[in-house]
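In our numbering, the protein residues as written are 29 to 534. For every residue, glycine included, the Cβ atom is placed at its ideal position computed from N, Cα and C. One structure is given here, and the rest of the page talks about it.
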Amino acid sequence: MKHVLFMILILAFCATSVFAAPFAPTLLKVSAASSIEYAFDGKTIEIPVKVSGTKALMWFFVYTKDKAETIAPTTNGFMGWHYVNKIDTCVYMSTNIAGDVGNNIIEWEGVDNDGNIVPAGEYTYYIWAYDAFGAKTRMAKWVAYDSYHTKDFQEVDEEGNPLANPIYYNKSQRWVIGNDPDDDTLIETCAVTLSSGFAKGDNLWMDQNDFDYVYQGVRYTEGRWDAMTKWKWVPNGAAEMQTDFGDNGYAQWSSACDSHSPVTVSDKNYIYTVDQAYHNVDGNSDFIVIDMEGSIIAQLDMSEWWNDPNDLEAGGQMNGGPDTHNIRNGYLFFNSHGSCLNQMVDPLAWLESEDEDDFYKWANGNGDYILDHNEHETDPKPWVCNDYNIGPYKYNIGPDANLFSVVPAYDMGAVSFGLLAPDGTGVGYLAYAGETAGFKISSNIVDSNTPFDGLYTDNNTGAYADSLDVKVYNTDKSRGVFFIGHDTIKGTISNQPVAVEEAAPV
29 MKHVLFMILI LAFCATSVFA APFAPTLLKV SAASSIEYAF DGKTIEIPVK
79 VSGTKALMWF FVYTKDKAET IAPTTNGFMG WHYVNKIDTC VYMSTNIAGD
129 VGNNIIEWEG VDNDGNIVPA GEYTYYIWAY DAFGAKTRMA KWVAYDSYHT
179 KDFQEVDEEG NPLANPIYYN KSQRWVIGND PDDDTLIETC AVTLSSGFAK
229 GDNLWMDQND FDYVYQGVRY TEGRWDAMTK WKWVPNGAAE MQTDFGDNGY
279 AQWSSACDSH SPVTVSDKNY IYTVDQAYHN VDGNSDFIVI DMEGSIIAQL
329 DMSEWWNDPN DLEAGGQMNG GPDTHNIRNG YLFFNSHGSC LNQMVDPLAW
379 LESEDEDDFY KWANGNGDYI LDHNEHETDP KPWVCNDYNI GPYKYNIGPD
429 ANLFSVVPAY DMGAVSFGLL APDGTGVGYL AYAGETAGFK ISSNIVDSNT
479 PFDGLYTDNN TGAYADSLDV KVYNTDKSRG VFFIGHDTIK GTISNQPVAV
529 EEAAPV
């Protein structure tokens, strides 16, 4: 009998030990020389690249370097799909390159995208890579992955230094990445409860100066105004509204009060949101800046980009958004599930100069056949951009440290996301291993030199139930947030000699 009890205790201990396994993903890492010498003579150059952790699908890019200030606002491409302004631009983009774990070679013939030899000089090169071959790894099982949201990953602390363990969060939960994915007791919860007549915006944002506080956009459903609110986050309790923020707790503005506004992002000095009403034919798209005390200090009309009466007349919508936002390196990224448009802007440059030209950095719209709407001859509304009745439905935009953006693409078959380069150049539609045509909520990136850097996404292989705040998955296989390996690096290609210490072999 004692022997049986002893075995039961051993089995119980083993079960507990298995249950308590921390999340420790295998990272994908790519490395190459930081500086490469090339004669720009049209000969093929071989660039040694080392891949570690997992196999990779890679792309190689060559960009102008330090030419941003000489690039005036420019619209080009079929149907004017590409807009760039004061930003270095793509000279060359490769097709995808399969990289095995170990040493690899990337070749470049010194030509641009049109096959012309690139003039001698100094250029920035990028390598962007992700694991297209391995299965997703669950980061957390019992946290919900919100739809229509921004980057719900806190990567730096209040001083701006990288967190060793980033925080995933949504409108009611926080989760420290690295916790045991199956242990629901490690979830920190907090409820933001609004008064009658108010509805939450589509995300919540942590105060970048003090993680004890959060910002929540709200709609007044019985009137014509929206507001930003500030709350104290009470772990495993009820959030406390901060009435000293704004006017008795509300930083308020007149609004068309649509169903998916306002969405919130912030840096350490300002809170940013957009007032948009894509269901209304007379709505607008105003970018709004709020200071830390809750005063609206600036507003910019973005209607020239996001509103189109021609789309309305053709059977689409007047307003396309934006209704999803993100932030990286001081730049804001906009898109919408109901529009073809993706965009990067520089709010601080605009606030400093008060010149609208300093705001818009790039835009990717209809014309490049990547994340476009109604681009097929058989589509009933050819090239209508603002159309929330056709895919791809883009529920977020996730930038990495080098400003590449992943955009989930639902209703495009067995693809996972569209990839955009740092100037908005469309790279293509990409897929995770085993992808299906199922619903795609989000793809975001942690990229701050942590043990958890990579892509984070949903794994919707089953049905889902929709509630006001979150998507709750019905199958064990689909539930939670998942990890896929990702890395991005950059260096310099120049016709100038490379110092010996910078040219060490990979």
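> From which residue to which residue does the beta strand (DSSP E) around Leu191 run?
Replying inline: One-based indexing of the sequence shown puts residue 191 at position 163. DSSP places Leu191 in the uninterrupted beta strand (DSSP E) bounded by Pro190 to Tyr197.
> Quick one: any contact between the stretch 251-263 and the stretch 208-218, if contact means 3 or more CB pairs under 8 angstroms?
Replying inline: The stretch 251-263 and the stretch 208-218 touch, with no fewer than 3 CB-CB distances between them shorter than 8 angstroms.
> From Asn414 to Asp310, what does the alpha carbon distance come to, in whole angstroms?
Replying inline: Numbered from 1 along the sequence shown, position 386 holds the residue referred to as residue 414. Numbered from 1 along the sequence shown, position 282 holds the residue referred to as residue 310. One Cα belongs to Asn414, the other to Asp310, and the distance between them is close to 14 angstroms.
> Should Asn113 and Asp329 be called a contact, given that it needs their Cβ atoms to be closer than 8 angstroms?
Replying inline: Taking the sequence shown and counting its residues from 1, one reaches residue 113 at position 85. Taking the sequence shown and counting its residues from 1, one reaches residue 329 at position 301. Going by beta carbons, Asn113 and Asp329 fall outside the 8 angstroms limit.
> Is it buried or exposed for Lys71, if we count other Cβ within 10 angstroms and need 16 for buried?
Replying inline: As a first step, residue 71 must be located in the sequence shown, where it is residue number 43. Classification of Lys71: exposed, given that the 10 Å Cβ count is below 16.
> Going along the chain, which residues of its own chain have a beta-carbon closer than 7 angstroms to the beta-carbon of Asn347, five neighbours each way excluded?
Replying inline: In the sequence shown, counting from the first residue as 1, residue 347 sits at position 319. For Asn347, the CB contacts under 7 angstroms within the same chain, skipping 5 residues up- and downstream, are Gln304, Ala305, Tyr306, Asn308, Gly311, Ser313, Trp334, Asn335 and Asn414 in chain order.
> Hey, which unbroken runs of the alpha helix (DSSP H) at 4 residues or more fall wholly within the stretch 358-423?
Replying inline: Segments of the alpha helix (DSSP H) lying fully in the stretch 358-423: 375-381.
> From Ser62 to Gln524, what distance separates their C-alpha atoms?
Replying inline: By one-based count along the sequence shown, residue 62 stands at place 34. By one-based count along the sequence shown, residue 524 stands at place 496. Roughly 14 angstroms separates the two Cα atoms.
> How long is the line joining the alpha carbons of Phe432 and Leu85, rounded to whole angstroms?
Replying inline: For the purposes of this step, residue 432 is taken as the residue at position 404 of the sequence shown. For the purposes of this step, residue 85 is taken as the residue at position 57 of the sequence shown. Looking at the backbone, the Cα of Phe432 and that of Leu85 are separated by about 15 angstroms.
> Quick one: is Phe106 buried, meaning 16 or more other Cβ sit within 10 Å of its Cβ, or exposed?
Replying inline: Working through the sequence shown from its first residue, we reach residue 106 at position 78. Result: exposed.
>> Is it buried or exposed, Gly446, if we count other Cβ atoms within 10 angstroms and call 16 or more buried?
In response: Mapped onto the sequence shown, residue 446 falls at position 418. So Gly446 ends up on the buried side.
>> Just to confirm, is the Cβ distance from Asn430 to Tyr158 under 8 angstroms?
In response: The count along the sequence shown starts at 1 and reaches residue 430 at position 402. The count along the sequence shown starts at 1 and reaches residue 158 at position 130. Cβ distance not < 8 angstroms, so Asn430 and Tyr158 don't count as in contact.
> Which partner residues does Ala84 have in the DSSP bridge list?
Replying inline: Within the sequence shown, the letter at position 56 stands for residue 84. According to DSSP, which records beta bridges pairwise, Ala84 is partnered with Gly127.
> Under 8 angstroms between the Cβ atoms of Leu232 and Val293?
Replying inline: Along the sequence shown, one-based indexing puts residue 232 at 204. Along the sequence shown, one-based indexing puts residue 293 at 265. Not in contact: Leu232 and Val293 (Cβ atoms no closer than 8 angstroms).
> When DSSP labels each residue in this structure, what does Thr213 get in the three-state scheme?
Replying inline: Numbered from its first residue, the sequence shown carries residue 213 at position 185. In the three-state reduction of the DSSP assignment, Thr213 falls in the helix class.
> Are the beta-carbon atoms belonging to Asp319 and Tyr298 less than 8 angstroms from one another?
Replying inline: Taking the first residue of the sequence shown as position 1, residue 319 is located at position 291. Taking the first residue of the sequence shown as position 1, residue 298 is located at position 270. Going by C-beta atoms, Asp319 is nearer than 8 angstroms to Tyr298.
> Are Lys169 and Pro194 touching if we call contact CB-CB under 8 angstroms?
Replying inline: Within the sequence shown, residue 169 is the residue found at index 141, counting from 1. Within the sequence shown, residue 194 is the residue found at index 166, counting from 1. The answer is no: Cβ separation not under 8 angstroms.
>> Which runs of the beta strand (DSSP E) at least 3 residues long sit entirely within the stretch 131-177? Give them in chain order.
In response: Fully enclosed beta strand (DSSP E) runs of 3 or longer: 150-158 and 165-168.
> Hey, quick one: how far does the beta strand (DSSP E) through Pro436 stretch, first residue to last?
Replying inline: Indexing the sequence shown from 1 puts residue 436 at position 408. Ser433 to Pro436 is the extent of the beta strand (DSSP E) around Pro436.
>> Please list the terminal residues of the continuous beta strand (DSSP E) segment that includes Asp303.
In response: Residue numbering aside, residue 303 sits at position 275 when the sequence shown is read from its first letter. For Asp303, the enclosing beta strand (DSSP E) starts and ends at Tyr298 to Gln304.
> The beta strand (DSSP E) with Trp203 in it runs from where to where?
Replying inline: Translated into positions along the sequence shown, residue 203 becomes position 175. Segment Gln201 to Val204, the beta strand (DSSP E) holding Trp203.
> Helix, strand or coil: how does DSSP classify Ser331 here?
Replying inline: By one-based count along the sequence shown, residue 331 stands at place 303. Here Ser331 carries a helix assignment [DSSP, helix/strand/coil].
> Since Glu268 sits in a beta bridge, which residues does DSSP pair it with?
Replying inline: For this step, residue 268 is matched to residue 240 along the sequence shown. According to DSSP, Glu268 bridges with Lys260.
> Which residues bound the alpha helix (DSSP H) around Leu340?
Replying inline: In the sequence shown, residue 340 corresponds to position 312, counting from 1. Here the alpha helix (DSSP H) through Leu340 covers Pro337 to Glu341.
>> Quick check: what's the CA-CA separation for Gly462 versus Arg166?
In response: Translated into positions along the sequence shown, residue 462 becomes position 434. Translated into positions along the sequence shown, residue 166 becomes position 138. The straight-line gap from Cα to Cα measures roughly 15 angstroms.
> Rounded to the nearest angstrom, how far is the Cβ of Leu214 from that of Asp515, given a contact under 8 angstroms?
Replying inline: Sequence index remark: in the sequence shown, residue 214 carries index 186 (1-based). Sequence index remark: in the sequence shown, residue 515 carries index 487 (1-based). Not quite, the Cβ-Cβ distance comes to about 28 angstroms (not below 8 angstroms), so this is no contact.
> Three-state secondary structure (DSSP) at Leu39?
Replying inline: The residue labelled residue 39 in the question sits at position 11 within the sequence shown. Low confidence applies to Leu39: its pLDDT is 43, below 50, so where it sits in the model is not reliable, and the reading given next is rough at best. Looking at Leu39 - three-state DSSP - the assignment turns out to be helix.
> Between Asn370 and Val435, which are expected to be in contact by the criterion C-beta below 8 angstroms, what is the C-beta distance as a whole number of angstroms?
Replying inline: Stepping through the sequence shown from its first residue, residue 370 is reached at position 342. Stepping through the sequence shown from its first residue, residue 435 is reached at position 407. With a contact defined as Cβ atoms closer than 8 angstroms, Asn370 and Val435 qualify at about 6 angstroms.
>> Rounded to the nearest angstrom, what separates Ile75 and Asp374 at their Cα positions?
In response: Numbered from its first residue, the sequence shown carries residue 75 at position 47. Numbered from its first residue, the sequence shown carries residue 374 at position 346. Going by the C-alpha atoms only, they are around 33 angstroms apart.
>> Among Thr117, Trp109, Phe88 and Trp87, whose alpha-carbon lies nearest the alpha-carbon of Ala100?
In response: Taking the sequence shown and counting its residues from 1, one reaches residue 100 at position 72. Among Thr117, Trp109, Phe88 and Trp87, the Cα nearest to that of Ala100 belongs to Thr117.
>> Looking only at its chain, what residues have a beta carbon closer than 6 angstroms to the beta carbon of Val77, apart from the 5 residues adjacent to it on each side?
In response: Translated into the one-based positions of the sequence shown, residue 77 becomes position 49. Around Val77: Ala60, Asn132 and Ile134.
>> Less than 8 angstroms between C-beta atoms, sequence neighbours within five positions excluded: which residues of the same chain meet that for Arg356?
In response: Start at 1 with the first residue of the sequence shown, and residue 356 comes out as number 328. If we look at Arg356 and ignore the five residues flanking it on each side, its Cβ neighbours are Lys179, Pro427, Asp428, Ala429 and Leu431.
> By Cβ distance below 8 angstroms, which residues in the same chain neighbour Asp128 in space, the five residues on each side in sequence not counted?
Replying inline: By 1-based counting over the sequence shown, the position of residue 128 is 100. Closer than 8 angstroms at the Cβ level, and outside the excluded window around Asp128, lie Val79 and Lys83.
> How is the beta strand (DSSP E) around Ala279 delimited, first residue to last?
Replying inline: Residue 279 sits at position 251 when you count from the first residue of the sequence shown. Ala279 -> beta strand (DSSP E) spans Ala279 to Ser282.
> Would you report the Cα separation of Trp156 and Thr249, rounded to the nearest angstrom?
Replying inline: If you number the sequence shown from 1, residue 156 lands on position 128. If you number the sequence shown from 1, residue 249 lands on position 221. Approximately 44 angstroms, taken between the alpha carbons.
> At which residue ranges does the stretch 229-261 contain complete beta strand (DSSP E) runs of 3 or more residues, listed in the order of the chain?
Replying inline: Runs of the beta strand (DSSP E) inside the stretch 229-261: 241-248 and 253-260.
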